[in-house]
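*Asks:*
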């Protein structure tokens with residue numbers, strides 16, 4: 016190389032063809048539609064039978080039922096001190112429909128807080144019932160005597176339950192079962208002596224109790240419904256009983272709930288960036304997906320019509336050992352005829368699978384819409400991530416019978432609304448504002464109804480964090 020001759024590197028060489036960076040600007044890339052992690056399987060929306068509602072309201076007519084004391088009691092906690100909310104004492108049969116707030120407050124103040132360790136007896140069979148126990152926290156088991164004298168489980172109760180409520184009406188009643196603490200329990204006790212002292216000073220409470228004792232006892236069947244008088248197995252010419260079927264005077268009505276949002280799209284985006292995918296369609300698609308996710312959440316958790324809040328007290332079960340065992344699932348199944356499905360959080364399904372593994376059981380699976388769904392006793396267990404998991408790592412498992420013909424759980428909608436894009440779901444054009452933004456009102460109408468109480472059952476306080 017002669018003196019003064021420059022060394023030319025690859026970077027110094029003149030470009031002979033189009034570069035990849037520039038070429039990509041002109042290329043049409045292969046792309047996906049916009050993705051959304053929030054989308055779930057939404058098995059509840061897919062399996063629930065939907066009934067078309069006219070006029071926005073669905074009325075559930077039922078046979079007349081005399082139901083008392085079928086709710087739960089709520090407490091407030093301040094540090095280590097637990098107190099019952101006075102108005103919640105109306106859940107006790109003796110105080111049902113009693114309205115004097117001052118008297119209820121005094122009764123609440125007389126409740127004594129007691130702590131029981133796991134395994135302790137709270138009360139024993141045959142002893143006098145002189146206290147009402149309000150279970151603020153923990154789990155207790157009711158034990159009876161079997162036909163040969165052995166202990167027999169009569170059920171498990173948890174937060175919000177009450178025991179011995181008959182003590183407020185009948186001073187001679189006795190405990191017909193033993194109550195044992197399964198876990199550490201916080202209990203509020205209201206003594207009959209304190210109750211009677213308050214009644215002596217309160218004319219309204221004393222009059223309420225007198226009316227309660229004087230009221231004729233209603234003849235009901237085991238479901239609390241007014242009995243229908245019938246005759247069977249007779250011979251000759253006896254008098255045939257006369258009867259009629261009475262209905263609830265004020266049946267429950269379910270109004271359609273609503274979920275709405277306003278979708279906004281700039282005209283520049285809608286005009287210039289619609290190839291190869293329509294921006295308006297993709298925006299609307301993702302908005303509808305989010306709306307349906309919220310719809311399923313409301314069907315599970317809404318305070319007015321949500322499944323978890325509309326399950327009757329006697330259809331709520333507690334797991335015997337905290338974890339969801341096959342025995343608990345069987346107990347949940349036997350509370351109703353024709354259970355069509357279970358709904359459980361995926362972590363609850365995992366916990367149930369661990370219990371099956373411990374017992375060497377392998378659940379059957381069925382194929383539904385291309386998915387393998389686990390079953391128990393032939394009933395599919397659908398995952399639903401809308402069922403809440405508490406900070407204590409507990410959740411619930413829902414069992415349902417569905418359909419109008421089966422007196423089950425149904426979904427409510429109103430098809431045929433204006434600008435409908437799916438049944439009971441509409442997208443309305445709202446115009447273009449001064450900032451050149453197009454607006455669409457996206458609306459979904461929906462609700463759910465439980466036709467008879469035993470159509471819906473819940474296994475509550477299911478522990479999902481135990482691995483041994």
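In my numbering, the protein residues as written are 16 to 483.
Every residue gets a Cβ at the ideal spot worked out from N, C-alpha and C, and that includes glycine.
I'd like to confirm the pairing. Which residues does DSSP put opposite residue 446 in its beta bridges?
*Replies:* Residue 446 pairs with 454.
*Asks:* Starting from the C-beta of residue 467, find all residues in its chain whose C-beta is less than 6 angstroms away, skip the five residues before and the five after it, and write them out in chain order.
*Replies:* 422, listed in sequence order.
*Asks:* Express the C-alpha separation of residue 175 and residue 153 in angstroms, rounding to a whole number.
*Replies:* Residue 153 and residue 175: Cα-Cα distance of roughly 9 angstroms.
*Asks:* Assign residue 290 to one of two classes, buried (16 or more other C-beta atoms within 10 Å of its C-beta) or exposed (fewer than that).
*Replies:* Label assigned to residue 290: exposed.
*Asks:* For residue 123, which option in 159, 112, 100 has the closest C-alpha, if you only look at C-alpha atoms?
*Replies:* Here the closest residue by C-alpha is 100.
*Asks:* Output needed for residue 326: all residues of its chain with C-beta closer than 6 angstroms, excluding positions within five of it in sequence on either side, in chain order.
*Replies:* Within the same chain, residue 326 has close Cβ partners 471, 473.
*Asks:* Which same chain residues end up closer than 7 angstroms to residue 156 when comparing Cβ atoms and leaving out the 5 residues on each side of it in sequence?
*Replies:* 168, 171, 195, 197, listed in sequence order.
*Asks:* Could you check the C-alpha separation between residue 419 and residue 425 for me, to the nearest Å?
*Replies:* Answer to the nearest angstrom: the Cα atoms are 7 angstroms apart.
*Asks:* Going along the chain, which residues of its own chain have a beta-carbon closer than 8 angstroms to the beta-carbon of residue 102, five neighbours each way excluded?
*Replies:* Closer than 8 angstroms at Cβ, skipping near neighbours: 116, 119.
*Asks:* What does residue 90 pair with, by DSSP beta-bridge criteria?
*Replies:* According to DSSP, residue 90 bridges with 99.
*Asks:* Specify whether the stretch 351 to 368 and the stretch 401 to 413 touch according to this definition: at least 3 beta carbon pairs, one from each stretch, less than 8 angstroms apart.
*Replies:* These segments touch.
*Asks:* Given residue 191, which residues of its chain have a CB within under 8 angstroms of its CB, disregarding the five upstream and five downstream residues?
*Replies:* So the list reads 140, 159, once near-sequence residues are dropped.
*Asks:* Starting from residue 214 and walking both ways along the alpha helix (DSSP H), at which residues does that stretch end?
*Replies:* Taken as a continuous stretch (DSSP letters only), the alpha helix (DSSP H) holding residue 214 covers 207 to 216.
*Asks:* Relative to the ligand GDP, is the shortest distance from any of its heavy atoms to the C-beta of residue 64 smaller than 7 angstroms?
*Replies:* In terms of ligand content, the structure shown is empty, and the ligand GDP therefore cannot be addressed.
*Asks:* Short of 8 angstroms in beta carbon distance, which residues of its chain neighbour residue 344, apart from the five on each side in sequence? Order them along the chain.
*Replies:* Answer for residue 344: 357, 367, 391, 392, 412, 474, listed in chain order.
*Asks:* If we count Cβ pairs, one from each stretch, closer than 8 angstroms, do we get three or more for the stretch 54 to 74 versus the stretch 308 to 328?
*Replies:* Yes, since at least three Cβ pairs between the stretch 54 to 74 and the stretch 308 to 328 fall closer than 8 angstroms, the two stretches touch.
*Asks:* Taking buried to mean at least 16 other C-beta atoms within 10 Å of its own C-beta, is residue 283 buried or exposed?
*Replies:* It is exposed - the Cβ of residue 283 has fewer than 16 other Cβ atoms within 10 Å.
*Asks:* Measure the beta-carbon distance from residue 398 to residue 383 and round it to whole angstroms, keeping in mind my assumption that it falls under 8 angstroms.
*Replies:* Not confirmed; about 12 angstroms, so no contact.
*Asks:* Work out the CA separation of residue 386 and residue 380 for me, nearest whole Å.
*Replies:* Their backbone Cα atoms lie some 10 angstroms apart in a straight line.
*Asks:* On the DSSP bridge assignment, give the partners of residue 415 in chain order.
*Replies:* In DSSP, residue 415 forms a bridge with 356, 471.
*Asks:* Exposed or buried, which one is residue 106 when buried takes at least 16 other CB atoms within 10 Å?
*Replies:* Under this definition residue 106 is a buried residue.
*Asks:* According to DSSP, residue 249 sits in a beta bridge with which residue or residues?
*Replies:* In the DSSP output, where bridge partners are listed per residue, residue 249 has none listed.
*Asks:* Any idea if residue 324 is buried or exposed, counting beta-carbon neighbours within 10 angstroms, 16 or more meaning buried?
*Replies:* The residue is exposed, with fewer than 16 neighbouring Cβ atoms inside 10 Å.
*Asks:* Could you tell me if residue 408 is buried or exposed, where buried requires 16 or more neighbouring beta carbons within 10 angstroms of its beta carbon?
*Replies:* So residue 408 counts as exposed.
*Asks:* Check residue 257 in the structure and name its three-state DSSP category.
*Replies:* If DSSP states are grouped into helix, strand and coil, residue 257 belongs with coil.
*Asks:* Residue 302 lies in the alpha helix (DSSP H); which residues open and close that run?
*Replies:* Per DSSP, residue 302 belongs to the alpha helix (DSSP H) from 294 to 316.
*Asks:* Pick from 108, 132, 94, 299: whose alpha carbon is nearest that of residue 178?
*Replies:* Comparing Cα positions, the closest option is 108.
*Asks:* Please classify residue 364: does DSSP put it in a helix, a strand, or coil?
*Replies:* In this structure, residue 364 counts as helix in the three-state DSSP scheme.
*Asks:* For residue 220, is the classification buried or exposed, using 16 other Cβ atoms within 10 angstroms of its Cβ as the cut-off for buried?
*Replies:* Under this definition residue 220 is a buried residue.
*Asks:* Terminal residues of the continuous beta strand (DSSP E) containing residue 124?
*Replies:* From DSSP, residue 124 is part of no beta strand (DSSP E) but of the alpha helix (DSSP H) over 116 to 124.
*Asks:* Alpha carbon to alpha carbon, how far is residue 365 from residue 456? Give it in angstroms, no decimals.
*Replies:* Taking the straight line joining both Cα atoms gives about 40 angstroms.
*Asks:* Tell me which same chain residues have a C-beta within less than 6 angstroms of the C-beta of residue 207, skipping the five on either side of it?
*Replies:* Counting only Cβ-Cβ distances below 6 angstroms, and skipping sequence neighbours, we find 145, 182.
*Asks:* Taking Cβ to Cβ, would you say residue 272 is nearer than 8 angstroms to residue 73?
*Replies:* The answer is no: Cβ separation not under 8 angstroms.
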